[in-house]
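Here the protein sequences line up with chains X and W, keeping their order. Using my numbering, read the first sequence as starting at 3 and increasing by one per residue. Using my numbering, read the second sequence as starting at 3 and increasing by one per residue. Here a beta-carbon is modelled for each residue, glycine too, at the ideal position from N, C-alpha and C. If you're wondering where the values come from, they're calculated on a predicted model, not measured in any experiment.
Number of protein chains: 2
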Amino acid sequence: MKPVFHPDMDAVEPAAVFAALADPIRLGIVVALADGAEVEARCGSFNELASPSLLTYHFTKLREAGVTRARVEGTSRLISLRREEFDRRFPGLLDSVIEAARRDPNLPRIPDGQLCRA
Amino acid sequence: MKPVFHPDMDAVEPAAVFAALADPIRLGIVVALADGAEVEARCGSFNELASPSLLTYHFTKLREAGVTRARVEGTSRLISLRREEFDRRFPGLLDSVIEAARRDPNLPRIPDGQLCRA
DNA sequence: GATTAATTTCAATGATCGTTGAATTTAGGG
DNA sequence: CCCTAAATTCAACGATCATTGAAATTAATC
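Written out as structure tokens, the structure reads:
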């Protein structure tokens, strides 16, 4: 498995972050990761948001914007928010983003307990 | 002068807001409006960020996303942030957005005192 | 009413975006 | 070693994006 690229948080530009958040599916992923019981989630947990191929595309966008992290484990990938690092770089931003997105009625949601790391 | 459209703040979607903020020039406009001495600014105040034609395009994006307001006065248009309304809808978001953008070293800046409404 | 300054409109461009589907990689279990 | 599950890669598509420049609008001023 080839290593996954994660940008230096200091090199992450605000405009790039907002570009990553400018999509309902990606916002849905962020909210699910923030609200889910598990800190890490398999890509497959999001299968009802989009096709696997499209999910890979969206995960890449989020990861390259510094929002998420990906960890390889066997044939799975575990996705999580880069909470602490991101908050240090952009204090308060992720919280208000999540709070804003959480109230959006027509964001794609994934049922509770469907996020798993196993 | 034909009236300018402003969306109902309740109808503004988070993803659309982030799309509006996902551009350096528009972020520069938002920061300038937030930090400038004048609450309202003429479009022409931003002439060194982009051509007039391109500025119109960017102002439209910001306005349709609920971020800014435009008021017609004579041959000019006065741009301002929709602060209170926006904050009521998305508490804390604009503040952390501006704070994040303010620290971006390669955002286009407009010199202090160059914003004017006259 | 002609002139001028501020801004918009419009058509055109190349670039990027979100999406699809089919083919490929990778790793674990029989 | 084969099979299956999980996810990526790749080429293609139409849609939207940021940008340009030339032409049109609009209103204050002479």
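(request) With DSSP as the reference, label residue 81 of chain X as helix, strand or coil. (result) Numbered from 1 along the first sequence, position 79 holds the residue referred to as residue 81 of chain X. In the structure shown, residue 81 of chain X sits in a strand (DSSP, three-state: E or B).
(request) Tell me the start and end of each unbroken beta strand (DSSP E) in the region 7-64 of chain W that is at least 3 residues and wholly inside, in chain order. (result) none
(message) Tell me which residue opens and which closes the beta strand (DSSP E) that residue 74 of chain X is part of.
(response) Reading the first sequence from its first residue, position 72 is the one you call residue 74 of chain X. Per DSSP, residue 74 of chain X belongs to the beta strand (DSSP E) from 70-75.
(request) Give the DSSP-derived three-state secondary structure of residue 120 of chain W in the structure shown. (result) The count along the second sequence starts at 1 and reaches residue 120 of chain W at position 118. Looking at residue 120 of chain W - three-state DSSP - the assignment turns out to be coil, as it is neither helix nor strand.
(message) Short of 7 Å in beta carbon distance, which residues of its chain neighbour residue 119 of chain W, apart from the five on each side in sequence? Order them along the chain.
(response) Position 117 of the second sequence, counting from 1, holds the residue named residue 119 of chain W. Here the set comprises 40, 42, 43, 44 and 80.
(message) Considering only their Cβ atoms, is the gap separating residue 20 of chain W from residue 24 of chain X smaller than 9 Å?
(response) Within the first sequence, numbered from 1, the residue matching residue 24 of chain X stands at position 22. Within the second sequence, numbered from 1, the residue matching residue 20 of chain W stands at position 18. Yes, the pair counts as a contact, with Cβ atoms nearer than the cut-off.
(message) Rounded to whole angstroms, what is the Cα-Cα separation between residue 9 of chain W and residue 29 of chain W?
(response) Position 7 of the second sequence holds residue 9 of chain W. Position 27 of the second sequence holds residue 29 of chain W. Going from the Cα of residue 9 of chain W to the Cα of residue 29 of chain W covers about 20 Å.
(message) I'd like to know if the region 53-68 of chain W and the region 97-105 of chain W are in contact, where contact means that at least 3 CB-CB pairs between them fall below 8 Å.
(response) no
(message) So with CB distances below 7 Å, who are the chain X contacts of residue 36 of chain W?
(response) One-based indexing of the second sequence puts residue 36 of chain W at position 34. The contacting residues do not exist; residue 36 of chain W stays about 14 Å from chain X at best.
(message) Strictly below 9 Å CB to CB, what residues from chain W border residue 21 of chain X?
(response) To locate residue 21 of chain X, count along the first sequence from 1; it is residue 19. Within chain W, the residues near residue 21 of chain X are 20, 21, 23, 24 and 25.
(request) Using a cut-off of 8 Å between C-beta atoms, extract the partners of residue 106 of chain W located in chain X. (result) Counting from one through the second sequence, the residue named residue 106 of chain W turns up at place 104. Within 8 Å Cβ-Cβ: 15, 16 and 17.
(request) Look up residue 96 of chain W in the DSSP assignment and say whether it is helix, strand or coil. (result) As a position in the second sequence, residue 96 of chain W is number 94, starting the count at 1. Correct three-state label for residue 96 of chain W: helix.
(request) Tell me whether residue 105 of chain X sits in a helix, a strand or coil according to DSSP, three-state version. (result) For the purposes of this step, residue 105 of chain X is taken as residue 103 along the first sequence, with counting starting at 1. The answer is coil: DSSP assigns residue 105 of chain X none of H, G, I, E or B.
(message) Check this for me: beta carbons of residue 35 of chain W and residue 117 of chain W, under 9 Å apart or not?
(response) As a first step, residue 35 of chain W must be located in the second sequence, where it is residue number 33. As a first step, residue 117 of chain W must be located in the second sequence, where it is residue number 115. Yes, Cβ-Cβ distance for residue 35 of chain W and residue 117 of chain W is below 9 Å.
(request) Could you work out which residues of chain W lie near residue 93 of chain X, taking near to mean beta carbons separated by less than 8 Å? (result) Start at 1 with the first residue of the first sequence, and residue 93 of chain X comes out as number 91. 98 and 101, listed in chain order.
(message) Any beta carbon of chain W sitting closer than 9 Å to that of residue 57 of chain X?
(response) Translated into the one-based positions of the first sequence, residue 57 of chain X becomes position 55. No, its Cβ sits nowhere closer than 9 Å to a Cβ of chain W.
(request) Tell whether a beta-carbon distance below 9 Å holds between residue 26 of chain X and residue 109 of chain X. (result) Counted from its first residue, the first sequence places residue 26 of chain X at position 24. Counted from its first residue, the first sequence places residue 109 of chain X at position 107. Contact: yes.
(message) Nearest by alpha-carbon distance to residue 107 of chain W: which of X/78, X/89, X/12 and X/98 is it?
(response) Residue mapping note: residue 107 of chain W aligns to position 105 of the second sequence, counting from 1. Minimum Cα distance to residue 107 of chain W is reached at X/12.
(request) Please state if the CB of residue 38 of chain W and the CB of residue 89 of chain W are separated by a distance shorter than 9 Å. (result) Along the second sequence, read from residue 1 onward, the residue named residue 89 of chain W stands at position 87. Along the second sequence, read from residue 1 onward, the residue named residue 38 of chain W stands at position 36. No.
(request) Could you tell me the distance, in whole angstroms, from the CA atom of residue 49 of chain W to the CA atom of residue 46 of chain X? (result) In the second sequence, residue 49 of chain W corresponds to position 47, counting from 1. In the first sequence, residue 46 of chain X corresponds to position 44, counting from 1. Whole-angstrom Cα-Cα distance: 48 Å.
(message) Residues of chain X with CB closer than 7 Å to the CB of residue 29 of chain W, please, in chain order.
(response) For the purposes of this step, residue 29 of chain W is taken as the residue at position 27 of the second sequence. Simply 16 and 17.
(message) With a threshold of 8 Å on Cβ separation, who are the neighbours of residue 92 of chain X within its own chain once the five nearest residues in sequence on each side are excluded?
(response) As a position in the first sequence, residue 92 of chain X is number 90, starting the count at 1. Correct list, in chain order: 16 and 19.
(message) Buried or exposed for residue 57 of chain X, going by 16 or more other Cβ atoms inside 10 Å?
(response) Reading the first sequence from its first residue, position 55 is the one you call residue 57 of chain X. When all chains shown are included, residue 57 of chain X counts as buried.
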